[in-house]
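Report on one structure; see the data block that follows.
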Amino acid sequence: MRLPGSLAPVTVALAFVLCLPYDAMPCARVDGAKPPAPNLFGAACRTAVHGSHVVAYCHNPYVDTDRVRLHIKCAQWWDIGTDSAPVDTPPALTVRLTGRCWKGVRAVWISHQRER
Numbered sequence: 798m799r800l801p802g803s804l805a806p807v808t809v810a811l812a813f814v815l816c817l818p819y820d821a822m823p824c825a826r827v828d829g830a831k832p833p834a835p836n837l838f839g840a841a842c843r844t845a846v847h848g849s850h851v852v853a854y855c856h857n858p859y860v861d862t863d864r865v866r867l868h869i870k871c872a873q874w875w876d877i878g879t880d881s882a883p884v885d886t887p888p889a890l891t892v893r894l895t896g897r898c899w900k901g902v903r904a905v906w907i908s909h910q911r912e913r
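Each residue of the sequence shown is one higher than the one before, starting from 798 at the first, in our numbering.
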């Protein structure tokens, strides 16, 4: 079996491509721009349940205002769960949210929304 032509030009071309710096590669980013920073958002919230009372503290470490709401699902079928009114959490501040059930608490969570 005979190979067509010489392998020398192919070898030189392959060596040239492998020796190029990363920025010179055709698939590399050549504009030098960094990828965009992640859009950080959302207050860090802690919740505590004491019997039928719920307290939540939300601290917003980011620049954008976070509108938080406390949601409570009560343990008894006849006890109505509650959703608090939205509370704006400005940058670098902490807000306190409270709520309660008549008897026990089944679940508690906080929802976050960007201020428009």
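For glycine and all other residues, C-beta sits at the position ideal for the given N, C-alpha and C.
Please read all numbers here as calculations on a predicted model, not as lab measurements.
For residue i, which beta-bridge partners are listed by DSSP?
i, result
"T891", "H856"
"T886", "D863"
"C898", "Its beta-bridge partners do not exist; DSSP assigns none."
"D760", "The requested residue 760 is not part of the displayed model; the chain covers only 798 to 913."
"R911", "D863"
"A841", "H856"
"W930", "Nothing in the structure corresponds to residue 930, since the chain is present only between 798 and 913."
Would you call residue i buried or exposed, if buried means 16 or more other Cβ atoms sit within 10 Å of its Cβ?
i, result
"G896", "buried"
"N857", "buried"
Using a Cβ-Cβ cut-off of 8 Å (strictly less than) and excluding sequence neighbours within five positions of residue i, which residues of its own chain qualify?
i, result
"D838", "Note on residue identity: the sequence assigns Phe, not Asp, to residue 838. Excluding positions up to five away in sequence, the list reads Y859, D861, D863, H909 and R911."
"T886", "A840, C855, H856, N857, T862, D863, R864, V865 and V892"
So residue i and residue j are supposed to be a Cβ contact under 8 Å. How far apart are they, rounded?
i, j, result
"Y854", "R893", "6 Å"
"R866", "P883", "5 Å"
Within a Cβ cutoff of 7 Å, which residues of the same chain sit near residue i, ignoring the five residues on either side of it in sequence?
i, result
"I869", "V851, G878, T879, G896, C898, V902 and V905"
"V846", "V902 and V905"
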